[in-house]
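Enquirer:
Here's what the structure looks like:
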């Protein structure tokens with residue numbers, strides 16, 4: 085096989101070099117397992133180019149604080165799945181026989197109704213509109229959350245992800261919604277399937293940032309987390325700092341281009357994007373504009389009426 089397929093986070097290094105076999109799927113699954121257990125990808129960067137450079141080197145660590153709570157067996161399996169040389173990489177069959185899977189089955193925790201219900205509610209209430217807001221929220225949900233914050237969400241995601249591919253499709257979302265109704269004691273025998281399907285389609289429309297028809301783990305965490313927790317000032321400042329790559333205190337056109345993964349923005353596209361967030365029309369986005377935009381978009385009370393009025 086010689087076609088380069090796959091997204092930057094999950095693509096195996098040998099795919100970048102043009103020739104690969106079924107072992108590349110083991111690598112991708114190892115990346116998914118790493119994300120599910122830590123909430124962060126093993127190979128990360130500010131844009132696709134940076135991510136692919138790290139994938140090409142193949143070096144990853146378990147240095148983040150959340151890995152302290154993960155078993156050595158899980159880490160061992162990930163190391164074997166992310167072995168750089170395909171011939172040294174564990175096979176799919178052997179991976180399924182790894183001791184960690186037996187431990188994981190024995191320790192599988194039940195998901196309580198309040199946690200599942202609040203997760204569904206958070207997803208339904210999420211409203212994603214402006215591109216910069218979506219990029220910022222996705223960054224905060226995938227990179228600025230702790231293991232403690234996402235532990236219950238990890239369990240819920242894994243339970244909903246029936247085929248274990250690290251993403252939720254329409255059918256899995258529908259089954260998750262029905263499961264919620266069952267836990268609440270509601271009669272689902274006469275459930276209107278079209279109503280459930282419509283509800284799920286609305287969720288996909290709002291939550292599927294990259295419009296690929298699935299909800300990836302990072303998208304799920306972003307919209308399922310408690311909004312006030314996700315939008316704390318400290319987290320907003322860290323996200324803004326990531327976008328403000330030159331430390332000027334403002335997000336410029338070149339920095340926006342980096343966020344959107346393009347080399348340059350044509351003048352029409354730039355005016356359209358900038359108009360979404362630049363409330364004082366100075367050609368750049370400062371932290372206050374960034375903060376007010378996100379709070380207002382997510383319906384949080386922190387957005388002042390004066391700022392909102394100025395935006396109208």
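Residue numbers (the numbering used here): 85 to 396. All residues carry an ideal CB built from backbone N, CA and C; glycine is no exception. As the structure is a prediction and not an experimental result, all values here were calculated from the model.
Which residue marks the beginning of the alpha helix (DSSP H) containing residue 238, and which one marks its end?
Expert: As a first step, residue 238 must be located in the chain shown, where it is residue number 154. It spans 231-244 - the alpha helix (DSSP H) in which residue 238 sits, taken as one unbroken run.
Enquirer: Spatial neighbours of residue 114 within its chain, please: CB distance less than 6 Å, with the 5 preceding and 5 following residues excluded, ordered by chain position.
Expert: One-based indexing of the chain shown puts residue 114 at position 30. So the qualifying residues of the chain are 162, 165 and 166.
Enquirer: Looking at C-alpha atoms only, which residue of 95, 151, 182 and 96 is the closest neighbour of residue 122?
Expert: Here residue 122 is taken as the residue at index 38 of the chain shown, counted from 1. The shortest Cα separation from residue 122 among 95, 151, 182 and 96 belongs to 151.
Enquirer: For the alpha helix (DSSP H) holding residue 319, just list the boundary residues, first then last.
Expert: Along the chain shown, one-based indexing puts residue 319 at 235. From DSSP, the alpha helix (DSSP H) with residue 319 extends over 317-327.
Enquirer: Residue 285: buried (16+ other C-beta within 10 angstroms of its C-beta) or exposed?
Expert: The count along the chain shown starts at 1 and reaches residue 285 at position 201. Counting Cβ neighbours within 10 Å, residue 285 comes out exposed, since fewer than 16 surround it.
Enquirer: Go ahead and pull the three-state DSSP assignment for residue 62.
Expert: Residue 62 lies beyond the residue range present for the chain, which begins at 85 and ends at 396; the question has no answer from this structure.
Enquirer: Excluding five sequence neighbours on each side, which residues of the same chain lie with their C-beta closer than 7 Å to the C-beta of residue 252?
Expert: Here residue 252 is taken as the residue at index 168 of the chain shown, counted from 1. The residues are 244, 245, 298, 299 and 304.
Enquirer: Is residue 371 near the ligand PLP, with its Cβ less than 6 Å from a heavy atom?
Expert: Only the bare structure without any ligand can be found here, which leaves the ligand PLP out of the picture.
Enquirer: Give me the Cα-Cα distance between residue 232 and residue 106, rounded to the nearest whole angstrom.
Expert: Taking the first residue of the chain shown as 1, we reach residue 232 at position 148. Taking the first residue of the chain shown as 1, we reach residue 106 at position 22. About 35 Å.
Enquirer: Along the alpha helix (DSSP H) that carries residue 133, what are the first and last residues, could you check?
Expert: Taking the chain shown and counting its residues from 1, the one referred to as residue 133 is at position 49. Per DSSP, residue 133 belongs to the alpha helix (DSSP H) from 132-141.
Enquirer: Provide the residue(s) that pair with residue 252 in DSSP beta bridges, ordered along the chain.
Expert: As a position in the chain shown, residue 252 is number 168, starting the count at 1. Per DSSP, 299.
Enquirer: Please list the terminal residues of the continuous alpha helix (DSSP H) segment that includes residue 400.
Expert: With the chain covering only 85 through 396, there is no way to say anything about residue 400.
Enquirer: How do the region 172-189 and the region 142-161 stand: do at least 3 beta-carbon pairs fall below 8 Å, yes or no?
Expert: Yes, the region 172-189 is in contact with the region 142-161.
Enquirer: So, is residue 133 buried or exposed, given that buried needs 16 or more other C-beta atoms within 10 angstroms?
Expert: Locating residue 133 in the chain shown gives position 49, counting from the first residue. Looking at its Cβ environment, which holds fewer than 16 other Cβ atoms inside 10 Å, residue 133 is exposed.
Enquirer: For residue 178, name the three-state secondary structure that DSSP assigns.
Expert: Reading the chain shown from its first residue, position 94 is the one you call residue 178. In the structure shown, residue 178 sits in a helix (DSSP, three-state: H, G or I).
Enquirer: List the endpoints of the continuous alpha helix (DSSP H) containing residue 126.
Expert: Within the chain shown, residue 126 is the residue found at index 42, counting from 1. Per DSSP, residue 126 belongs to no alpha helix (DSSP H) and is neither H nor E.
Enquirer: Give every residue of the same chain whose Cβ lies closer than 8 Å to the Cβ of residue 117, excluding the five residues on either side of it in the sequence, and list them in chain order.
Expert: Here residue 117 refers to the residue found at position 33 when the chain shown is read from its first residue. Hits under 8 Å: 158, 161, 162 and 165.
Enquirer: Using the C-alpha atoms, what's the distance from residue 171 back to residue 313?
Expert: Here the question's residue 313 lines up with position 229 in the chain shown. Here the question's residue 171 lines up with position 87 in the chain shown. Straight-line Cα distance between these residues: approximately 44 Å.
Enquirer: How long is the line joining the alpha carbons of residue 323 and residue 366, rounded to whole angstroms?
Expert: Start at 1 with the first residue of the chain shown, and residue 323 comes out as number 239. Start at 1 with the first residue of the chain shown, and residue 366 comes out as number 282. Looking at the two C-alpha atoms, the distance is approximately 21 Å.
Enquirer: Is it right to say residue 375 is buried, meaning 16 or more other beta carbons lie within 10 angstroms of its own, or is it exposed?
Expert: The residue labelled residue 375 in the question sits at position 291 within the chain shown. Per the 10 Å Cβ criterion, buried.
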